[in-house]
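Undergrad:
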Amino acid sequence: MIEVRNLRKTFATPAAQVLALDGVDLDIRKGDIFGIVGFSGSGKSTLLRCLNLLERPDSGTVVLDGQETTALDRTRLGALRQRIGMIFQHFHLFDARTVHDNIAYPLEIAKAGRKRIQARVAELAGLVGISDKLRAYPGQLSGGQKQRVAIARALANDPRVLLSDEATSALDPETTWSILQLLKDINVGTGLTIAFVTHEMDVVRVLCNRVAVLEAGQIMEEGEVGQVLQNPRSAAGQRLVEISRGFREGRLFTDAGGI
Ligand SMILES: Nc1ncnc2c1ncn2[C@@H]1O[C@H](COP(=O)(O)OP(=O)(O)OP(=O)(O)O)[C@@H](O)[C@H]1O
Ligand SMILES: [Mg+2]
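According to this note's numbering, the sequence shown is numbered sequentially starting from 196.
1) Checking 7 Å against the spacing of the C-beta atoms, do LEU221 and VAL199 come in under that value?
2) Quick check on DSSP: helix, strand or coil for ASP253?
3) Considering only C-alpha positions, which residue in the set ARG278, GLY218, ALA411 and ARG315 is nearest to MET196?
4) Pick out whichever of GLY238, ILE231, ILE228 and ALA291 has its Cα sitting closest to the Cα of LEU214.
5) In whole angstroms, what is the alpha-carbon distance linking GLY418 and LEU424?
6) Do VAL399 and VAL408 have their CB atoms nearer than 7 Å?
7) Confirm, please, whether the CB-CB distance from LYS328 to PHE286 is below 7 Å.
8) In three-state terms, what does DSSP make of ARG405?
9) Of all residues in the structure, which have a C-beta closer than 6 Å to any heavy atom of ligand 1, taken in chain order?
10) When you compare each of ARG276, GLY321, ALA266 and ARG355 to ILE343 by their alpha carbons, which one comes out closest?
11) By a C-beta neighbour count over all protein chains shown, 10 Å radius and 16 as the cutoff for buried, is LYS204 buried or exposed?
12) Between the alpha carbons of PRO301 and ARG348, how many angstroms are there, rounded?
13) For my contact list, ALA233 and ALA431 are in at a C-beta cut-off of 8 Å; report their separation, rounded to the angstrom.
14) How about LEU358 and LEU249: do their beta carbons lie closer than 7 Å?
15) Mind checking whether ILE304 and VAL323 have CB atoms under 7 Å apart?
16) What number of angstroms, rounded off, separates the C-alpha of SER337 from the C-alpha of ASP260?
17) Tell me, to the nearest whole angstrom, how far the beta carbon of ALA390 is from that of PHE283; I am working on the premise that it is less than 8 Å.
18) Under three-state DSSP, which class holds ARG343?
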């Protein structure tokens with residue numbers, strides 16, 4: 196479904212060149228909820244943004260559904276982007292649009308007719324459980340409700356894949372739980388492939404089937420979630436698992452590093 200080969204990305208800053216991705220290879224299969232986990236600055240967001248070319252890699256290739264995205268011209272890339280949904284930590288809703296019009300937005304861009312838009316928005320609102328909020332504005336919603344709107348908007352054009360960047364990191368535990376449940380239900384119900392960036396192994400544990408551990412722009416290990424959690428081989432993987440265990444057992448680790 197998504198094949199990433201030898202992806203490199205550097206950022207030029209006044210101080211130095213930052214190597215954000217350093218030869219990343221990744222295979223995400225259809226129907227996966229694929230966790231991309233790592234500490235702050237490890238390159239997770241950059242990797243996700245390279246998947247839909249919000250960020251242009253310096254070199255390497257991304258093949259999505261057999262199409263090499265890195266080789267597409269602007270028009271074809273625009274069309275492809277309509278089929279890649281994305282959700283973010285801070286929702287990125289249009290504050291001046293109602294919930295209905297937020298969800299309708301990608302359908303308008305895809306030039307769907309008025310009837311089709313109405314029917315699809317109603318369907319999506321039902322799917323994510325916000326049918327009673329369609330006339331509200333984002334400012335009138337809770338964080339969890341906003342993320343539901345963002346998910347509905349991301350799903351509007353039947354994406355081949357949903358990219359999620361820390362989508363639950365700004366939410367309280369109960370709301371996090373309900374959003375993870377919603378994503379899982381959508382994955383099970385529709386077979387939607389999800390690439391899910393997080394810094395929390397606990398989120399990976401409950402949501403994902405496969406996981407890649409990223410550190411300093413490199414994939415340190417990758418595999419089935421159960422396997423990686425039980426027997427992490429990389430230093431970053433071990434630290435992330437230790438921290439999640441520490442939380443559950445009520446212990447702090449002085450050498451755990453920052454998240
Ligand atoms: N636009 C940019 N300009 C310069 N450096 C950048 C830019 N975007 C990212 N970086 C650098 O690239 C590296 C990877 O950043 P990235 O945002 O991908 O990390 P991350 O794993 O998503 O971190 P976090 O968990 O804090 O969100 C970091 O060193 C970061 O400072
Ligand atoms: Mg990030």
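No residue lacks a Cβ here, since even glycine has one placed at the ideal position from N, Cα and C. Owing to the predicted nature of the structure, the values given are computational and were not obtained by experimental measurement.
TA: By the coordinates alone:
1) Taking the sequence shown and counting its residues from 1, one reaches residue 221 at position 26. Taking the sequence shown and counting its residues from 1, one reaches residue 199 at position 4. Yes. Within cutoff.
2) For this step, residue 253 is matched to residue 58 along the sequence shown. Coil, per DSSP.
3) As a working mapping, residue 196 is identified with position 1 in the sequence shown. Comparing Cα-Cα distances from MET196 to each of ARG278, GLY218, ALA411 and ARG315, the minimum goes to ARG278.
4) One-based indexing of the sequence shown puts residue 214 at position 19. The option with the nearest alpha carbon to LEU214 is GLY238.
5) Reading the sequence shown from its first residue, position 223 is the one you call residue 418. Reading the sequence shown from its first residue, position 229 is the one you call residue 424. Rounded to whole angstroms, GLY418 and LEU424 show a C-alpha spacing of 10 Å.
6) Along the sequence shown, read from residue 1 onward, the residue named residue 399 stands at position 204. Along the sequence shown, read from residue 1 onward, the residue named residue 408 stands at position 213. Taking 7 Å as the Cβ cut-off, VAL399 and VAL408 do not qualify as a contacting pair.
7) Start at 1 with the first residue of the sequence shown, and residue 286 comes out as number 91. Start at 1 with the first residue of the sequence shown, and residue 328 comes out as number 133. No.
8) Looking up residue 405 in the sequence shown gives position 210. Here ARG405 sits in strand by DSSP.
9) PHE206, THR208, VAL213, ALA215, GLY233, SER235, GLY236, SER237, GLY238, LYS239, SER240, THR241 and HIS394
10) Here residue 343 refers to the residue found at position 148 of the sequence shown. One detail in the question is off: residue 343 reads as Arg in this sequence, not Ile. The shortest Cα separation from ARG343 among ARG276, GLY321, ALA266 and ARG355 belongs to GLY321.
11) Against the sequence shown, residue 204 aligns to sequence position 9. When all chains shown are included, LYS204 counts as buried.
12) For the purposes of this step, residue 301 is taken as the residue at position 106 of the sequence shown. For the purposes of this step, residue 348 is taken as the residue at position 153 of the sequence shown. Whole-angstrom Cα-Cα distance: 7 Å.
13) Mapped onto the sequence shown, residue 233 falls at position 38. Mapped onto the sequence shown, residue 431 falls at position 236. Looking at the sequence provided, one finds Gly at residue 233 rather than Ala. Distance from GLY233 to ALA431 at the Cβ level is roughly 6 Å; contact confirmed, criterion being Cβ atoms closer than 8 Å.
14) Mapped onto the sequence shown, residue 358 falls at position 163. Mapped onto the sequence shown, residue 249 falls at position 54. No, they are not a contact pair.
15) Translated into the one-based positions of the sequence shown, residue 304 becomes position 109. Translated into the one-based positions of the sequence shown, residue 323 becomes position 128. Their beta carbons are not under 7 Å apart, which means ILE304 does not touch VAL323 by this criterion.
16) The residue given as residue 337 occupies position 142 in the sequence shown. The residue given as residue 260 occupies position 65 in the sequence shown. SER337 and ASP260: Cα-Cα distance of roughly 35 Å.
17) Taking the sequence shown and counting its residues from 1, one reaches residue 390 at position 195. Taking the sequence shown and counting its residues from 1, one reaches residue 283 at position 88. Going by Cβ atoms, the distance from ALA390 to PHE283 rounds to 13 Å, so no, they are not a contact pair.
18) By 1-based counting over the sequence shown, the position of residue 343 is 148. Helix at ARG343.
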